[in-house]
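Only one structure is covered here, and it is reproduced in the block below.
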Amino acid sequence: MLQPPDVSLTPLLPVLIVLAGAVSSTLLGFWVSRRILTFINLGAVTLSALSLGLLWNRAASAFGGSLQADNAALLLAFVILTGTLMTLLVTLDTAWRARVSFPEFDAMLMYAVTGCLLIAFSGDLIVMLIGLEIMSLSGYVLATLQGSRRAEESGLKYFLLGAAGSAVLIYGIAFVYGATGSLNYAAIAEKTSVLNPENTAILVGGALLMLCGFAFKVALAPFHQWTPDVYGGAPTSVSLFLSTVVKVAAFAGMLRVFGGALENAPGWHSVLAVLIAATLIVGNLAALRQTNFKRMLAYSAVAHTGFLAMALLGTPQVGGAALTYYLLVYTLMTAAALAIVAALQRSEEGFSLLDMRGLYYRHPAYAVALAVCLASLAGLPPFAGFFGKYLVFQAAYQNGYAWISILAALTSVAALVYYLRPAMLLFMPDRTPAREYSLGQRTPTTLTVALGVVGVTALGLLPNIWYSWVANPAIWTLLVGR
Amino acid sequence: MNSFTDWLPTLMIFLPLLGSLLLLVTPKTFRDEVAGFIAALTLGAGLAIWRGGGSELFRWDWIPPLGITYSVQLGGVSLALALVTALMSFIAILYAARRIPNPGPMLSLILAMETGLIGIFAAQDLLLFYVFFEDALIPALLMLAIYGKSGRMAALTKFAAYTLFGSLLMLVSIIGVKTLGGSPTFAMTDLKQNLVTGSAQTWLYLGFLAAMAVKLPLWPMHAWLPDFHEQNHDSGVPDVMGTLYKVGGYGLFTFAIPLFPDASLELRPILMGLAAFTALYAAWIAFRQTDWKRLLAYAGLSHMGFVALGVFSLNETAVIGAMYLLAFQNLYTGALFLSVGMLQERIGSLETRVGGVMTQAGALGGLTMALWFASIAVPGMAGFIGEFSILLGAYQVFPWLAFIAGITTIAAAAYALTAFQTTFWQARPAGSVTVRDLVHTEWLILGIPLVVLVLFGVYSTPALNLMQPAVRAVLTALGGN
């Protein structure tokens with residue numbers, strides 16, 4: 001008897017709306033200007049975010065569980081869409097200056113977001129992999145699109161290392177399939193709880209290979225080498241996208257796979273702990289030595305990967321909530337900081353730390369906003385970055401990784417130094433001529449910055465606004481789907 | 483619940499912050515008045531709480547899923563410190579308005595910092611305490627960044643790095659206290675019922691101690707202090723706030739003793755030794771300083787050694803003395819920083835060897851002298867009661883350490899009087915500018931703290947009555963040592 005396939009498009013709605021935006025950018029690009037396309041895409045992203053509300057608490061799934069629109073997916077999708085919205089707003093102002101103002105740019109961006117959402121909604125390894133590849137391939141194009149030597153270098157590095165990362169990941173998936181005989185998260189989770197010894201070795205191998213693959217994507221040391229070059233070389237609006245949306249999606253994948261499917265698999269926890277320790281040390285210490293602000297933010301993104309990944313060491317119930325809370329805060333503050341860089345830089349190299357001196361006296365609003373973002377990135381209360389840090393510290397601590405918490409606390413001191421130094425430079429009186437682009441302050445960028453600053457302040461004073469959505473442990477116990 | 487008095491601590495905490503934001507939109511001509519009014523109102527709120535005999539515990543669930551509460555209470559020691567903070571912030575604003583051209587940002591920052599400081603004293607929830615503790619840091623850094631001298635970046639980095647090194651270890655410790663103790667929330671009332679025991683308590687205490695040792699400061703975590711004061715604005719206004727920010731002694735008293743009673747007893751000899759050494763060492767270094775601000779920084783450090791000695795001794799007399807000294811040293815150290823600022827305004831230098839100022843500015847010299855007397859614990863001034871009680875109490879625990887600390891009072895007289903002599907007495911160098919004496923509000927700025935110091939030096943009962951029950955309540959956690 002032939003079973004009809006379980007096709008249901010409702011759970012796919014948020015992904016489809018974004019895909020529609022991408023397709024319309026591809027086709028309409030022949031007739032209308034990019035600006036109009038960007039507004040269409042902004043609408044698509046907003047609609048997609050609204051459609052998340054429709055699916056809330058429905059625990060819908062489709063394609064035999066390959067696609068899960070459970071609350072975890074919806075929350076992660078919300079973070080992804082927030083980042084996308086901020087990216088699109090920033091590109092309205094800066095894409096023409098970065099010479100990437102083509103319809104293709106928008107199309108690629110929206111395809112990448114489609115991939116990102118697929119990862120969050122994935123219910124098996126194949127869907128996750130397809131999403132990851134759509135996201136990565138579009139990301140390579142975005143990084144290269146500018147057509148300058150810097151962008152080409154950045155894109156090629158991203159492509160070569162990203163492709164290697166994907167290959168390792170696929171190899172890992174093959175191992176896991178070999179060990180458990182399934183690609184479905186739920187089935188894998190079921191098999192890993194009762195496993196005979198000869199399969200264990202293959203499973204551990206597979207889990208570790210997948211961990212390496214993901215480590216490439218989220219930039220965990222020692223697989224982070226591409227990050228500063230790619231983020232530093234790509235146009236700033238693209239760096240914004242790569243360091244927020246793409247990273248959130250990769251973490252969504254990690255949460256699904258390691259917090260869900262492989263939660264009971266042995267071996268990967270301790271390896272992840274070592275990778276995190278290396279990331280915290282390398283990322284924070286390297287950022288301390290940077291003189292270019294954009295490159296410093298790239299290293300800070302690496303360091304933040306370390307903090308974010310600490311959540312994966314916790315139990316999924318605590319860690320999932322911590323990770324999702326932190327991801328939103330991370331997106332808000334990183335996007336707002338990079339939006340200001342994109343607006344005020346003279347060239348796509350960003351600006352050097354010394355150029356920031358006295359910015360408060362020339363662009364008071366942006367300077368204060370940037371200082372707030374930096375304080376939040378540094379984890380100072382009352383900004384939301386503090387609660388993000390607190391939550392991941394707690395998640396790791398409670399699951400027996402106190403040493404990682406202490407190491408993270410110590411490396412945070414370095415982080416605070418490199419965040420606070422530029423923040424303080426902003427307020428130091430300066431008599432030399434301005435070295436930033438003086439016409440950078442434009443409405444869409446200001447909207448992004450305002451969203452970021454209001455977001456981190458509100459979430460810092462009343463973290464419950466967002467935390468109450470993610471706090472329910474039941475959301476994170478069913479990461480594998482039903 | 484919910485009567486007006488329950489809201490008073492919250493009002494006192496956030497009123498300055500509101501004022502700070504209000505100043506951003508106030509026209510330039512009214513800024514000084516608005517800032518002064520807000521600071522006076524805050525002080526008034528504090529006095530109202532005092533008149534009502536301290537406030538009840540006010541508790542609101544801030545982030546229920548995480549067990550973080552907004553618990554505040556001002557009473558006893560915390561009220562005394564909050565009052566001193568409000569008074570000195572008011573005086574700092576008076577002087578900033580007078581001294582600093584275009585003082586808008588400075589006034590804003592003073593008020594913002596006041597919120598953080600009063601919050602630190604009012605917090606009865608460990609995580610809320612941490613939040614306020616870090617909040618006060620941002621205005622302190624900004625004051626240094628905006629108004630500091632040429633070497634401020636290094637000083638700023640050092641200050642931030644030390645503070646955060648300590649406070650992040652404290653954060654891990656705070657998480658540990660709740661997780662290992664199994665308390666439902668971070669509120670002190672819950673934490674006290676779910677104490678961590680055994681060796682874990684010692685480790686958590688060490689984490690907590692890291693932050694408090696930086697903020698006391700206690701040797702060897704003090705290196706940020708002299709640079710911080712030296713690089714800050716000449717007026718001494720940020721230094722007043724920096725002095726108020728030395729909350730380590732209070733943090734240890736309110737949180738560490740009740741939460742880590744066994745560890746406090748266990749580490750008592752080492753910590754008291756460190757404290758006594760800090761007091762003596764700082765006094766010795768102070769003697770060698772030729773910059774008034776560095777000298778005051780080390781003098782303050784020496785006093786903090788005394789405070790630490792009192793707190794670590796866990797003896798009732800000594801702890802009361804420590805809290806008394808902590809509160810009142812804010813007055814004289816702060817006022818001395820301002821008097822140094824006035825001196826700098828007149829002679830353009832912070833050197834301790836300018837000579838002869840007294841001949842032309844008798845009132846400045848006289849008031850400075852009187853404040854120094856308070857600082858070196860001359861009987862009849864509030865500082866004496868604090869230091870004497872500490873020594874008396876510490877003597878009952880470790881006589882030798884009390885003796886070492888006792889030497890410090892002699893050393894203090896030596897460094898203070900030598901520097902005073904070379905600045906205010908001796909001959910005024912030929913051809914140097916005429917020094918103007920105190921004018922207008924400058925009388926109030928140095929006078930008010932002095933009056934308070936004399937008042938509580940002669941008639942200490944109100945302050946002692948305020949502090950004693952609070953200290954007794956905290957020390958009961960030790961089960962009577």
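Residue numbers (the working numbering), protein chains in the order written: chain A, 1 to 482; chain B, 483 to 963.
Note that beta-carbon positions come from the ideal geometry of N, C-alpha and C, so glycine has one too.
Quantities reported herein were computed from a predicted structural model and do not represent experimental measurements.
Per DSSP, the beta bridge partners of B/Val-554 are B/Phe-540, B/Ala-605. Around the beta carbon of A/Ser-270, a 10 Å sphere encloses fewer than 16 other beta carbons of the protein chains shown; the residue is thus reported as exposed. Rounded to the nearest angstrom, the gap between the Cα atoms of A/Phe-216 and A/Ser-405 is 23 Å.
The DSSP-derived three-state label of A/Leu-183 is coil. Of all residues in the region 582-609 of chain B, none is placed with a Cβ closer than 7 Å to any Cβ belonging to chain A.
By the C-beta density criterion, A/Leu-54 is exposed, having fewer than 16 other C-beta atoms within 10 angstroms. Looking at the DSSP output, A/Asp-124 sits in a beta bridge with A/Asn-184. Comparing C-alpha distances from B/Val-793 to each of B/Ala-637, B/Ser-571, B/Leu-747, B/Ile-602 shows the shortest one belongs to B/Leu-747. Between the region 663-679 of chain B and the region 600-617 of chain B, the count of C-beta pairs closer than 8 Å reaches three or more; the two stretches touch. Taking C-beta separations shorter than 6 Å and ignoring five residues to either side along the sequence, the partners of A/Ala-277 in its chain run Leu-407, following chain order. Under a criterion of Cβ atoms nearer than 7 Å, the residues of chain A adjacent to B/Phe-647 are, in order, Val-413.
Within the region 742-760 of chain B, no residue has a Cβ lying closer than 9 Å to any Cβ of chain A. The beta-carbon separation of B/Val-554 and B/Ala-605, rounded to 6 Å, stays under the 8 Å limit for a contact. Annotated three-state conformation of A/Leu-67 is strand, per DSSP. Three or more beta-carbon pairs separated by less than 8 Å link the region 169-183 of chain A to the region 203-213 of chain A, which places the two stretches in contact. A/Ser-352 has A/Asn-292 as its beta-bridge partners, per DSSP.
Membership of A/Ala-395 in any beta strand (DSSP E) is not indicated; the residue belongs instead to the alpha helix (DSSP H) covering 384-398. Annotation: the continuous beta strand (DSSP E) that includes A/Ser-61 extends over 60-62. Contact of B/Glu-616 with chain A by beta-carbon distance below 9 Å involves Gly-379, Leu-380, Pro-381, Pro-382, Phe-386. Between B/Trp-706 and B/Tyr-644, the gap from beta carbon to beta carbon is short of 8 Å. Looking at A/Gly-43, A/Pro-14, A/Ser-101, A/Ala-73, the one whose alpha-carbon comes closest to that of A/Val-257 is A/Ala-73. Counting C-beta atoms within 10 angstroms of its own C-beta, A/His-304 has 16 or more neighbours from the protein chains shown and is therefore classed as buried.
Sixteen is the threshold: since fewer than 16 other Cβ atoms of the shown chains lie within 10 Å of the Cβ of B/Ile-892, the residue is exposed.
Inclusion of A/Pro-422 and A/Leu-353 in the CB contact set at 8 Å is warranted, their separation being smaller than that value. As summarised for the region 17-59 of chain A, the continuous alpha helix (DSSP H) elements at least 4 residues long and confined to that stretch are 34-55, given in chain order. Between A/Ile-475 and chain B, the shortest Cβ-Cβ separation is not below 8 Å.
Straight through space, the alpha carbons of B/Thr-511 and A/Thr-46 are spaced by roughly 46 Å. According to the DSSP secondary-structure assignment, B/Ile-545 is paired through a beta bridge with B/Ile-550. The alpha-carbon separation between A/Tyr-111 and A/Val-282 amounts to approximately 32 Å. By the neighbour-count criterion, in which a residue is buried when 16 or more other Cβ atoms sit within 10 angstroms of its Cβ, B/Gln-675 is exposed.
Taking one beta carbon from each stretch, the region 830-847 of chain B and the region 787-801 of chain B have fewer than 3 pairs nearer than 8 Å; the two do not touch. The count of Cβ pairs closer than 8 Å, one atom from the region 98-112 of chain A and one from the region 17-26 of chain A, reaches three, so the stretches are in contact.
In this structure, DSSP gives A/Asp-106 a helical state, which the three-state scheme calls helix. Non-local C-beta neighbours of B/Thr-815 in its own chain, meaning closer than 6 Å and more than five positions away in sequence, comprise Thr-725, Gly-782, ordered along the chain. Taking CB atoms only, A/Ile-404 has no neighbour in chain B less than 8 Å away.
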